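Here is the structure we will look at, set down as structure tokens.
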DNA sequence: TAGCTCGTTGGACAA
DNA sequence: TTTGTCCAACGAGCT
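Residue numbers (this note's numbering): 31 to 504.
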């Protein structure tokens with residue numbers, strides 16, 4: 031048994047269960063839960079506006095959960111190291127525990143913090159809690175990081191299933207005196223505009239809500255996941271991404287819950303469960319790549335793409351951001367993003383392909399917009415997704431693979447319900463016109479105010495193929 | 001080492 | 001209407 035209080039430094043592990051740093055802190059006579067807002071340390075990748083909204087509510091949920099355990103949540107802002115040292119002085123803590131992050135700047139910061147704490151004679155221990163497999167543990171036979179998903183995932187799973195999650199600590203020992211805390215509002219995480227009002231209708235941040243959502247998904251949609259996940263009009267996906275990003279639920283907990291469900295419901299769900307867990311595999315792969323190729327949020331993984339002739343066109347970028355491209359499925363996705371802070375994954379690929387290939391705008395401008403507007407904005411996932419779409423990343427789509435927004439709409443939103451939900455001005459259009467309203471009869475078209483296509487897809491496709499051949503020969 | 005196979009998510013076109 | 005083939009290039013990863 032330890033003799034002094036400890037700090038548990040929460041970052042993106044905003045949960046009580048399966049939290050090894052919290053468990054370690056609870057072995058001390060007192061555990062002081064701490065969150066430090068230090069966006070400067072994340073450089074260009076400090077949480078975007080939507081992500082800050084989530085963070086605010088997630089911190090609030092965790093503060094309530096801690097209070098229910100007889101504890102308190104100490105919130106501060108400022109440089110991480112200085113704030114931790116200050117808190118250690120105030121509480122008499124000689125140990126600090128945290129769970130590991132893997133982004134380049136977070137690693138840099140954590141190395142700096144660890145050195146500073148050691149210098150001050152304070153013990154610091156970090157734990158593996160946000161990934162199923164630490165990025166440095168997985169490598170190909172010749173010792174290099176993987177760049178193709180399938181062999182990566184096979185290697186991850188070769189030794190067996192990931193470990194079991196740990197339970198919530200039985201109790202969180204409180205100190206005799208609490209250090210002071212900022213009020214959550216003092217972090218000013220919520221947007222000043224009323225933009226985020228719609229988020230409340232769709233989302234409830236926090237550990238409890240995350241687990242509720244997981245059980246609903248496992249009971250309702252897991253069986254139909256392989257087909258349902260491609261239909262944006264339906265709730266076929268788990269929508270756990272923002273909860274996962276802030277660690278309200280851990281991948282180990284999801285893994286175990288899925289396996290339990292399969293055991294109870296029989297082998298019929300086995301294939302669906304594999305398809306769903308594979309998505310956790312992509313999250314692992316994204317972190318693996320970002321860890322080993324830390325330049326990729328800004329630079330393409332494939333060096334020849336740095337010479338790609340991207341266009342510069344702020345006006346067209348705006349048209350894409352606002353969902354006014356004249357391609358209904360693209361516009362529906364961009365408006366769903368703006369209104370709910372989330373976009374269906376199938377549609378993410380389509381709007382990304384459209385920006386990069388039809389509009390020839392740089393993938394980085396798409397990544398920046400997603401970073402600011404997605405509640406689940408995650409540097410590793412965002413980087414992998416955009417580089418994949420642009421064809422300049424690991425395991426990328428071949429250059430000639432260009433999504434056709436009309437065909438994708440007819441295939442994955444055949445009724446047009448998804449488009450009508452987010453582009454309500456297209457409600458008068460029947461299914462046969464909904465994805466190409468410009469060829470509908472004039473008497474229908476003149477009743478609605480919806481733009482003509484910004485580009486002709488067939489021409490844009492040829493232009494993209496030509497641009498891609500430009501870097502091929504160089 | 002050299003050669004082989006394969007690559008989450010597509011589309012156009014021909015039969 | 002459905003199904004198969006090609007697009008056409010390349011590097012990762014394995015044997």
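Heads up, the beta-carbon is just placed ideally off N, CA and C, and yes, glycines get one too. Please read all numbers here as calculations on a predicted model, not as lab measurements.
CA-to-CA distance, residue j to residue i, given in whole angstroms
i: residue 399; j: residue 378; result: 12 Å
i: residue 229; j: residue 458; result: 27 Å
i: residue 188; j: residue 304; result: 15 Å
i: residue 489; j: residue 37; result: 60 Å
i: residue 28; j: residue 360; result: This structure does not reach residue 28, given that the chain is present from 31 up to 504, and the question cannot be answered.
i: residue 51; j: residue 128; result: 5 Å
i: residue 391; j: residue 87; result: 34 Å
i: residue 148; j: residue 154; result: 7 Å
i: residue 39; j: residue 327; result: 26 Å
i: residue 362; j: residue 415; result: 19 Å
i: residue 380; j: residue 320; result: 23 Å
i: residue 383; j: residue 266; result: 22 Å
i: residue 440; j: residue 465; result: 7 Å
i: residue 496; j: residue 150; result: 59 Å
i: residue 18; j: residue 239; result: The structure shown does not extend to residue 18, since the chain spans only 31 to 504, so no value can be given for it.
From the options, residue whose alpha carbon lies closest to that of residue i
i: residue 19; options: 371, 344 and 495; result: Residue 19 is absent from the structure shown; the chain starts at 31 and stops at 504.
i: residue 373; options: 342, 420 and 232; result: 232
i: residue 494; options: 467, 387 and 422; result: 387
i: residue 74; options: 486, 498 and 325; result: 325
i: residue 107; options: 80, 157, 500 and 215; result: 215
i: residue 136; options: 181, 76 and 383; result: 76
Residue i vs residue j beta-carbon contact at 8 Å
i: residue 102; j: residue 211; result: yes
i: residue 393; j: residue 424; result: no
i: residue 406; j: residue 272; result: yes
i: residue 34; j: residue 100; result: no
i: residue 110; j: residue 130; result: no
i: residue 124; j: residue 104; result: no
Buried versus exposed call for residue i [16 or more other C-beta atoms within 10 Å across all chains shown]
i: residue 403; result: buried
i: residue 504; result: Low confidence applies here, because residue 504 scores a pLDDT of 46, under 50, leaving its location unreliable and the question unanswered by this model.
i: residue 437; result: exposed
i: residue 474; result: exposed
i: residue 119; result: exposed
i: residue 213; result: exposed
i: residue 300; result: exposed
i: residue 97; result: exposed
i: residue 311; result: buried
i: residue 248; result: buried
i: residue 469; result: exposed
i: residue 62; result: buried
i: residue 178; result: exposed
i: residue 218; result: exposed
i: residue 446; result: buried
Exercise. Is the stretch 155–166 in contact with the stretch 245–260, if contact means three or more CB pairs nearer than 8 Å?
Worked result: no
Exercise. Do the stretch 289–298 and the stretch 54–67 meet, that is, are 3 or more Cβ pairs less than 8 Å apart?
Worked result: no
Exercise. Is there contact between the stretch 310–322 and the stretch 408–416, where contact requires at least three CB pairs shorter than 8 Å?
Worked result: yes
Exercise. Do the stretch 38–50 and the stretch 273–280 meet, that is, are 3 or more Cβ pairs less than 8 Å apart?
Worked result: yes
Exercise. Taking contact to mean at least 3 C-beta pairs separated by less than 8 Å, is the stretch 346–355 in contact with the stretch 474–490?
Worked result: yes
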